[in-house]
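Here is the structure we will look at, set down as C-alpha cells.
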Amino acid sequence: MHALDKWIKENSSNRKKLAKTLNISAASLSRYLTGDRIPKQSIMQKIITVTEGNVNPSNFYTIKRINIINTNKYKQKHLLGIEGLEPTEITSLLDRADDIIKENRIEPLINHKYKGRTLVNLFFEDSTRTKTSFELAANRLGMDVINMQIETSSIRKGESLLDTAMTLNAMKPDILVIRHSLSGTPHLLANKINCAVINAGDGLHEHPTQALLDALAIRRRKNKIQGLTVAICGDIAHSRVARSNIKLLITMGAKVKVIAPTTLMPQGLDKYGAKIFTNMKEGLKDADIVMILRLQHERMQGSYIPSAKEYFKFYGLDRNKLSFAKKNALVMHPGPINRGVEIDSELADDINRTLILEQVELGVAIRMSVIEHLINNLDNKKYDIKNEK
Ligand code: CP
34 MHALDKWIKE
44 NSSNRKKLAK
54 TLNISAASLS
64 RYLTGDRIPK
74 QSIMQKIITV
84 TEGNVNPSNF
94 YTIKRINIIN
104 TNKYKQKHLL
114 GIEGLEPTEI
124 TSLLDRADDI
134 IKENRIEPLI
144 NHKYKGRTLV
154 NLFFEDSTRT
164 KTSFELAANR
174 LGMDVINMQI
184 ETSSIRKGES
194 LLDTAMTLNA
204 MKPDILVIRH
214 SLSGTPHLLA
224 NKINCAVINA
234 GDGLHEHPTQ
244 ALLDALAIRR
254 RKNKIQGLTV
264 AICGDIAHSR
274 VARSNIKLLI
284 TMGAKVKVIA
294 PTTLMPQGLD
304 KYGAKIFTNM
314 KEGLKDADIV
324 MILRLQHERM
334 QGSYIPSAKE
344 YFKFYGLDRN
354 KLSFAKKNAL
364 VMHPGPINRG
374 VEIDSELADD
384 INRTLILEQV
394 ELGVAIRMSV
404 IEHLINNLDN
414 KKYDIKNEK
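Written as C-alpha cells, this is what we have:
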C-alpha cells in the first residue's frame, strides 16, 4: 500500500477529502499515487505538512516492485518473432515495459536481481539503436554483457556461425541476442543452444523488439491499439520491421494499411489482413499513425525506384501528404532516417508530430521487459515445452 493511502486509512480519511485539503482533483491525486505523474514541489510540501511529516519524499516516490513471476503471461523460451504470439503475451511484455518506464523515471536503479546473468550481443549487421539498447537494458538489470566483435572474432578465421554459437553457448550465457542478414538464423540457433534467443532482426523476416517498442509508443500516446488505423509506408518489400509490425498490430486489433510503389510491395501481406495501397492519399486516409520506413538499399539487388528525388515526390512524407491522414495523426520511423528521401527533414524533427526519439527511449524498456520475461521463464521452465523444436 502506498504510504499516503496508509496514512489516509490510519487517519480515517479518504482520497477525495485529502485531495480537497491539498486543493487538487481526486484524479490528480490518483495519478500521483500510481506514479503516472509526479507532484509539484508545492503539493509535496502540503502533503508533508498535512501528514505531519509521516509522508515525505522518502516514502512517497516508491512504487510497488512488480513480481514478474505473477504477471508474466509470456509462454515462450525465446523471442524469435511476433508470428504466433498471443495478444496476452504481447500485452504482458508491453505492460511490464510500461512499469519499467515509470520505475526508471522515479528511481532509475540498477536491479541487482540479475547479477551474474549474462547476455551476449551477436550482431552480424550494423546497428546503433538495437545493439546499444540491449546493452543498456541488460546493464540496468545488473547483467554481464558481452558484445561480440564479429570483425575480430574467429568467424574471420572461417569458423561457422553454428560453431561460434555453440562455443558461446558452452560459456553458459542466459540470453543470446542475434542480428543476421539471413532470415531464420535466430530459429536455427534456438534449435541448437540452451540459452534463450532474441531475434534482433533477421534478413527480411522479423524484428520483434522493434514492433513491440512501436506498439508501446502507440499505446502510450493513443491509450489503445485496438481500433486504430496504422498506415505503414515505404520499402515494405525489404522491411522486417514492417512484417513484425503488421503481425503485431493486426493481432492487437488495429487496422493496417500498407503503402508502397508496386516494386517495393511484397506479395501475400493481405493474408495477414493488411490493406494494400500504392497511392499515399488513399493509403493515409483515416490514419491515426503513419509509420514511415527507410529504403533498404543494402538489401536491394537492382533498381527499385527511378531516383530518390522521384521517390520523395510520390512517397516521401511531408506536411502536405501528412494532411491526408487524421488531423492528430502521429508519425513514427524505426530509424535510421534518410532525410529528404522517405521523410521531410523538418517534419522528422517536429516533436509535436513525430515519435522517433520516443521510440528509441521506449526501446530500452521493452528490451528490459523481454529479458526479464525470458529469464523468468528459464528459471521457472515456464515456457510451453510443446513449442520447443
Ligand atoms: N531500428 C533499428 O533496428 O535500428 P538499428 O539498425 O540502429 O538497430
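Taking my numbering, the leading residue of the sequence shown gets 34, the next gets one more, and so forth.
Glycine residues also receive a C-beta, built at the ideal position from the N, C-alpha and C atoms.
Only a predicted model underlies this, so the values are computations on that prediction, with no experimental measurement involved.
Around the beta carbon of Thr295, fewer than 16 other beta carbons lie within 10 angstroms, which makes this residue exposed. Nearest to Pro369 by alpha-carbon distance, out of Gly306, Glu331, Tyr344, is Glu331.
Using a Cβ distance threshold of 9 Å, Val289 and Ala264 count as a contacting pair.
Each of Asp159, Ser160, Thr161, Arg162, Thr163, Lys164, Gly234, His240, Gln243, Val274, Pro367, Gly368, Pro369 has a C-beta closer than 7 Å to some heavy atom of the ligand CP; these make up the full list, in chain order. For the segment 198-286, the full-length alpha helix (DSSP H) segments reaching 4 residues or more read 218-225, 241-255, 273-284 along the chain. Burial state of Glu43 is exposed, judged by a 10 Å Cβ sphere holding fewer than 16 other Cβ atoms.
Taking a cut-off of 8 Å on C-beta distances, the segment 253-271 does not touch the segment 147-159, as fewer than three cross pairs fall below it. In this structure, Gln243 sits away from Ser216, with a CB-CB distance that is not shorter than 9 Å. In this structure, the beta-carbon distance from Arg273 to Asp235 falls below 9 Å.
Under the three-state reduction of DSSP output, Lys290 falls in the strand class. By the Cβ rule, the segment 350-370 does not count as touching the segment 181-190, because fewer than three pairs are nearer than 8 Å. With distances taken between CA atoms, Leu395 lies nearest to Arg162 out of Tyr348, Ile211, Gly349, Arg162. When DSSP states are grouped into helix, strand and coil, Lys308 belongs to the strand group. Contact between Asn227 and Asn202 holds: their C-beta atoms lie close to 6 Å from each other, under 8 Å. Sixteen is the threshold: since fewer than 16 other Cβ atoms of the shown chains lie within 10 Å of the Cβ of Arg70, the residue is exposed.
In its chain, beyond the 5 residues on either side, Lys106 have a beta carbon closer than 8 Å to the beta carbon of Thr121. Taking the Cα positions, Ala170 is about 12 Å away from Ile134. With respect to His213, Phe157 sits close: the two C-beta atoms are nearer than 9 Å.
Taking 9 Å as the cut-off, the Cβ atoms of Glu379 and Gly349 do not count as close.
Asn353 has its alpha-carbon roughly 15 Å from the corresponding atom of Tyr344.
Residue pairing by DSSP places Asp321 in no beta bridge whatsoever.
Thr151 carries a strand assignment under DSSP once its states are collapsed to helix, strand and coil. A direct Cα-to-Cα measurement between Ala381 and Leu388 gives close to 9 Å. At a cut-off of 4 residues, the continuous stretches assigned as alpha helix (DSSP H) that sit fully inside the segment 61-113 are 74-83, 90-93, 101-104. Judged by their CB atoms, Ala275 and Ile269 are nearer to each other than the 9 Å cut-off. Per DSSP, the continuous beta strand (DSSP E) segment holding Asp177 begins and ends at 177-180.
For the set Lys342, Ile322, Asp383, the Cα lying nearest the Cα of Ala358 is the one of Ile322. Within the same chain, and ignoring the five residues on either side of Leu62 in sequence, the residues whose Cβ sits closer than 6 Å to its Cβ are Arg48, Ala52. Around the beta-carbon of Lys280, 16 or more other beta-carbon atoms lie within 10 Å, marking it buried. Val364: not part of any alpha helix (DSSP H); member of the beta strand (DSSP E) spanning 363-365, first to last residue.
For the set Met313, Leu297, Arg386, Val291, the Cα lying nearest the Cα of Tyr305 is the one of Val291. Counting along the chain, the unbroken alpha helix (DSSP H) around Lys49 starts and ends at 48-55. In this structure, the alpha-carbon of Ala307 lies about 25 Å from that of Asp128. Within the model, the alpha-carbon separation for His271 versus Gln329 is close to 6 Å. Around the beta carbon of Asn89, fewer than 16 other beta carbons sit within 10 angstroms, so the residue counts as exposed.
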